[in-house]
Each structure stands twice: as C-alpha cells, then as structure tokens.
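Chains as they are written, first to last, in this note's numbering: chain A, 6 to 131; chain B, 83 to 338.
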C-alpha cells in the first residue's frame with residue numbers, strides 16, 4: 006500500500022437532509038456533511054462493503070487514514086452504479102463529501118443528497 | 083458433407099447443446115403449480131414505513147421484543163456480531179436485504195439462492211418422502227418444508243440455531259431463539275413476486291410479526307459468488323463503539 010502525499014484537507018460542517026440509512030443506523034451523523042480532500046491509499050472493491058481508504062487531514066490539520074463507506078452498498082449494487090475495482094487508483098487525489106462517524110472516528114459515509122466523490126479534474130465518481 | 087450442410091449441422095448441434103445447458107440451469111416449473119421461478123431484486127414493504135420491514139429498527143425492537151429480548155439487546159456488543167467473521171445473514175433479515183434472490187422450482191423441492199452471503203436454501207416439498215433431520219438438530223437458516231396452496235407456495239421453517247442478530251442486525255442486535263418459526267407465503271402477480279411473512283418467537287417476541295414484501299423480477303443474473311472478505315468486514319468496526327472497551331479485544335477465530 007503506497008502512502009500518498011498529504012494534499013490537505015478541508016472539513017466543513019453543514020446541515021443537510023439525507024435519506025435514512027438502512028443497515029447503518031446510528032453509525033453516521035445524517036445531519037452533517039464533512040468534506041475531505043486527500044489521496045487514495047486503498048480501494049477495496051469487495052464484499053460485504055467496499056471501502057475507500059483516504060489519506061487526509063482533519064480540521065486540526067492532523068493527518069489521518071479515513072475510511073469512506075458507501076452506505077450499505079455491496080459490490081453488486083455499486084457495480085450497477087458504475088463502480089469497479091479500477092474506479093480509484095492509489096495515489097490519486099479525490100474530494101469526498103460524506104456524513105461523519107458519530108463516534109468521532111475518521112470515517113465518513115457517502116450516501117444520499119449532498120454526498121459524493123469528485124476527482125481532481127472535477128469529474129464525479131463513478 | 084458439403085460445407086453448407088456441415089455448417090448447418092454444426093449450428094444445429096450447438097443450438098441443441100445450448101438448449102440442454104439452459105434446461106439444466108433453469109429446470110422447467112413442474113406442471114400444476116404456480117410459476118414462481120426467476121430472479122427477483124429490490125423490495126418494497128407493506129405497510130410502508132413499518133418498523134419491522136425491511137428489517138426491525140430500534141423502535142420495532144422496543145415495541146415487539148420481550149423483556150428477555152431487550153435484556154439481550156442491552157448486553158450484546160456489536161463487536162461480537164458473527165457477521166464480522168463473514169457469517170451470513172439469517173432469516174428473516176436476508177428477505178429485507180437489497181440484493182437479488184433466485185427461485186428454482188423442482189418437482190420435489192424449491193431452491194432459493196440469495197446473492198447476499200452466498201446463501202442457498204432448500205425447501206423440501208411435502209409428500210415426497212424426504213427424511214427429516216434427527217430430533218434436536220438445528221440450522222442457521224432452519225429446516226424448511228413447503229407445499230403449494232392454490233397460487234401460493236407456503237414455506238414453514240423451524241429448527242433455527244440461536245442468532246444474536248436473528249431479527250435485526252447493524253447495531254440494533256435483536257436476537258432470535260431456537261423457537262423461532264417462520265411462515266412464508268409466495269405468490270406472483272405478473273413480474274412481481276410477493277412474500278407474505280409471519281415470524282414467531284415466543285422467547286424473544288411478544289407476538290407474531292407480519293409484513294408483506296414485493297420483489298420485481300429482473301433479467302440480470304445473480305452476482306455470485308459473494309466472497310465476503312473478513313478483513314473488509316472487520317474494518318467496518320472502525321466506526322462502531324464497543325460497549326465494553328475495558329474487555330479484551332475479540333479474537334476473530336472464525337475468520338481463518
């Protein structure tokens with residue numbers, strides 16, 4: 006696993022309306038969205054839930070390894086949305102908007118309105 | 083043989099072989115029974131916004147579980163859930179998971195193949211002399227028998243093992259006991275499969291749970307195998323707080 010350079014991160018709080026989670030109840034704060042800009046350390050396109058691991062900094066500038074989840078999605082459902090095992094390359098820069106983990110752990114959930122992943126050139130993923 | 087006839091013969095042979103393969107993979111529905119065979123994906127619950135469907139939520143657990151059930155919910159630690167070893171989802175939870183199921187009707191049995199967790203269930207149709215498992219033998223997905231009643235397939239399942247997430251997983255953790263019993267009634271309206279479910283568990287439920295779920299038919303094949311990865315499953319625990327941080331970490335002996 007290659008450790009990408011820290012690109013920098015921006016963490017924003019925002020009140021949003023999001024769809025209720027199925028299977029993720031209480032794990033993420035659906036009322037907030039955080040924005041992370043960082044580099045891809047790992048993309049595990051595997052069941053039960055694909056996870057994107059991002060090297061980014063928190064709001065205090067502390068570098069952390071963030072787990073990016075895609076709701077309760079699994080490989081079949083993400084594949085139908087256009088994701089694949091090659092969707093993310095280690096070292097590429099992406100910006101993620103997602104709901105933060107309620108535990109305060111470095112994890113975000115990309116699910117529902119206002120969330121998503123954008124590449125460095127501005128293209129949305131997938 | 084002239085080239086044209088030879089090509090035609092090869093084409094016929096290939097077509098015949100192909101038909102045989104298709105027939106082997108998708109056996110014809112036995113005569114005189116409702117056609118429930120196919121692949122179905124997605125689900126809609128009735129009544130909508132139910133607190134038990136597509137799976138029991140915290141409000142449903144509070145309303146429906148016995149004192150024993152609530153006590154176990156309070157005691158259970160999500161970090162101990164078998165799913166982090168890639169243990170498959172049980173019943174009825176898997177009915178509400180948003181992945182596909184294939185139904186194959188054979189003369190003496192019906193086979194349910196769930197995309198989720200590579201689960202395959204066999205429903206043994208009554209009247210075919212199937213030997214029942216010996217007394218006391220329990221199974222994660224129970225022992226299922228079935229019969230056709232009019233336009234319905236009626237499946238009765240019991241002999242479940244205890245399941246700490248038998249009625250709800252994902253932090254809710256509503257358990258089910260060895261006394262769990264399910265009655266599933268399947269029927270078909272055009273391209274929609276309907277499941278009418280009754281779930282009972284006198285140990286952990288105050289009364290039966292009932293709900294209806296519709297599954298549209300899909301032409302997409304099942305995405306198999308599921309191939310759950312234990313390391314990936316356990317990574318999900320990064321965002322789950324243990325109820326018992328003072329206890330030793332849980333050894334994942336079943337992930338080897």
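Even glycine gets a Cβ: it sits at the ideal position worked out from N, Cα and C. This structure is a prediction, so every number in the text was calculated from the model and none was measured.
>> For residue 251(B), list the residues DSSP reports as bridge partners.
In response: On the second chain, residue 251(B) is found 169 positions in, with the first residue counted as 1. Residue 251(B) pairs with nothing; no bridge assigned.
> What are the residues of the segment 299-317 of chain B that lie near chain A, defined by any Cβ-Cβ distance shorter than 7 Å?
Replying inline: Here the close residues are 305, 308, 309, 310, 311, 314, 315 and 317.
>> Within 8 Å, do at least three Cβ pairs link the segment 133-153 of chain B to the segment 300-307 of chain B?
In response: no
> Where do the N-terminal and C-terminal ends of the alpha helix (DSSP H) with residue 321(B) fall, by residue?
Replying inline: As a first step, residue 321(B) must be located in the second chain, where it is residue number 239. From DSSP, residue 321(B) is part of no alpha helix (DSSP H); its letter is neither H nor E.
> CB-CB under 8 Å to residue 215(B), same chain, minus the five flanking residues each way: which ones, in chain order?
Replying inline: Walking along the second chain from the start, residue 215(B) turns up at place 133. Closer than 8 Å at Cβ, skipping near neighbours: 221, 225 and 241.
>> Does the CB of residue 161(B) have a neighbour CB from chain A at under 8 Å?
In response: Numbered from 1 along the second chain, position 79 holds the residue referred to as residue 161(B). Using a Cβ-Cβ cut-off of 8 Å, residue 161(B) does not count as an interface residue toward chain A, since no Cβ of chain A sits closer than that to its own.
> Just checking, does the segment 116-132 of chain B make contact with the segment 247-257 of chain B on the three C-beta pairs under 8 Å criterion?
Replying inline: Judged by Cβ distances under 8 Å, the segment 116-132 of chain B makes no contact with the segment 247-257 of chain B, as fewer than three pairs qualify.
> Taking C-alpha atoms, which residue in 169(B), 267(B), 161(B) and 196(B) lies nearest to residue 120(B)?
Replying inline: Locating residue 120(B) in the second chain gives position 38, counting from the first residue. Comparing Cα positions, the closest option is 196(B).
> Since residue 49(A) meets chain B, which of its residues come closer than 7 Å, beta carbon to beta carbon?
Replying inline: Counting from 1 along the first chain, the entry for residue 49(A) is found at position 44. Per Cβ cutoff of 7 Å: 314.
> Can you tell me whether DSSP reads residue 144(B) as helix, strand or coil?
Replying inline: Residue 144(B) sits at position 62 when you count from the first residue of the second chain. Three-state DSSP puts residue 144(B) in a helix.
>> Do residue 45(A) and residue 99(A) count as a contact pair if the criterion is CB distance below 8 Å?
In response: Within the first chain, residue 99(A) is the residue found at index 94, counting from 1. Within the first chain, residue 45(A) is the residue found at index 40, counting from 1. A contact, by the Cβ cut-off of 8 Å.
> What number of angstroms, rounded off, separates the C-alpha of residue 47(A) from the C-alpha of residue 310(B)?
Replying inline: On the first chain, position 42 is the one that residue 47(A) refers to. On the second chain, position 228 is the one that residue 310(B) refers to. Cα to Cα, the separation comes out at about 18 Å.
>> With distance defined between alpha-carbon atoms, name the residue in 180(B), 202(B), 286(B) and 271(B) nearest to residue 125(B).
In response: The sequence position of residue 125(B) within the second chain is 43, counting from 1. Residue 125(B) has its Cα closest to that of 180(B), out of 180(B), 202(B), 286(B) and 271(B).
> What is the DSSP secondary structure of residue 21(A), reduced to helix, strand or coil?
Replying inline: By 1-based counting over the first chain, the position of residue 21(A) is 16. Low confidence applies here, because residue 21(A) scores a pLDDT of 31, under 50, leaving its location unreliable; read the following figure in that light. Reduced to three states, the DSSP call for residue 21(A) is coil.
> Among the residues of its own chain, which have a CB less than 8 Å from the CB of residue 90(A), if the five just before and after it don't count?
Replying inline: If you number the first chain from 1, residue 90(A) lands on position 85. Cβ within range, chain order: 48 and 50.
> Taking residue 82(A) as the reference, which of 321(B), 169(B), 330(B) and 308(B) has the closest Cα?
Replying inline: The sequence position of residue 82(A) within the first chain is 77, counting from 1. If we check each option's Cα against that of residue 82(A), 308(B) comes out closest.
>> Please give the ranges of any beta strand (DSSP E) in the segment 141-215 of chain B, keeping only runs that are unbroken, at least 3 residues long and fully inside the region.
In response: 183-187, 191-196 and 202-207
> Ends of the beta strand (DSSP E) at residue 234(B)?
Replying inline: In the second chain, counting from the first residue as 1, residue 234(B) sits at position 152. Boundaries of the beta strand (DSSP E) harbouring residue 234(B): 234-240, taken from the DSSP string.
>> What does the Cβ neighbour count give for residue 258(B), buried or exposed, with the cut at 16 atoms within 10 Å?
In response: Looking up residue 258(B) in the second chain gives position 176. By the beta-carbon neighbour count (other beta carbons within 10 angstroms, threshold 16), residue 258(B) is buried.
> Helix or strand or just coil, what does DSSP make of residue 47(A)?
Replying inline: As a first step, residue 47(A) is located in the first chain; it is residue number 42 there, counting from the start. Strand, per DSSP.
> Per DSSP, residue 102(A) is paired with what?
Replying inline: As a first step, residue 102(A) must be located in the first chain, where it is residue number 97. 40(A) and 121(A).
> Any residues in the segment 92-114 of chain A with a beta carbon nearer than 7 Å to a beta carbon of chain B? Which ones, in chain order?
Replying inline: Of all residues in the segment 92-114 of chain A, the ones placed with a Cβ closer than 7 Å to any Cβ belonging to chain B are 106, 108, 110 and 112, in chain order.
> What do you reckon, are the CB atoms on residue 294(B) and residue 276(B) nearer than 8 Å?
Replying inline: Looking up residue 294(B) in the second chain gives position 212. Looking up residue 276(B) in the second chain gives position 194. Yes, the Cβ-Cβ distance between residue 294(B) and residue 276(B) is below 8 Å.
>> So the candidates are 95(A), 125(A), 119(A) and 107(A); which of them puts its Cα closest to the Cα of residue 323(B)?
In response: For the purposes of this step, residue 323(B) is taken as the residue at position 241 of the second chain. Per the Cα distances, 107(A).
>> Counting only C-beta atoms, is residue 253(B) closer than 8 Å to chain A at any point?
In response: Position 171 of the second chain, counting from 1, holds the residue named residue 253(B). Closer than 8 Å: yes.
>> Less than 8 Å between CB atoms is the rule here; does residue 117(A) satisfy it with respect to chain B?
In response: If you number the first chain from 1, residue 117(A) lands on position 112. For residue 117(A), the answer is no, since every Cβ of chain B falls outside 8 Å of its Cβ.
> Can you check whether the CB of residue 243(B) is closer than 8 Å to the CB of residue 260(B)?
Replying inline: Numbered from 1 along the second chain, position 178 holds the residue referred to as residue 260(B). Numbered from 1 along the second chain, position 161 holds the residue referred to as residue 243(B). A contact, by the Cβ cut-off of 8 Å.
> Among 229(B), 332(B) and 202(B), which residue has its Cα nearest to the Cα of residue 212(B)?
Replying inline: Along the second chain, read from residue 1 onward, the residue named residue 212(B) stands at position 130. Nearest C-alpha to residue 212(B): 229(B).
> At a Cβ threshold of 8 Å, is residue 127(A) touching chain B?
Replying inline: The sequence position of residue 127(A) within the first chain is 122, counting from 1. Against chain B, the CB of residue 127(A) has no partner CB under 8 Å away; the residue lies outside that interface.
> Looking at residue 159(B) and residue 325(B), is the spacing between their C-beta atoms short of 8 Å?
Replying inline: Residue numbering aside, residue 325(B) sits at position 243 when the second chain is read from its first letter. Residue numbering aside, residue 159(B) sits at position 77 when the second chain is read from its first letter. Yes, Cβ-Cβ distance for residue 325(B) and residue 159(B) is below 8 Å.
> In chain A, which residues lie less than 8 Å from residue 247(B) when you measure between Cβ atoms?
Replying inline: Locating residue 247(B) in the second chain gives position 165, counting from the first residue. Here the premise fails: no neighbours, minimum Cβ distance about 11 Å.
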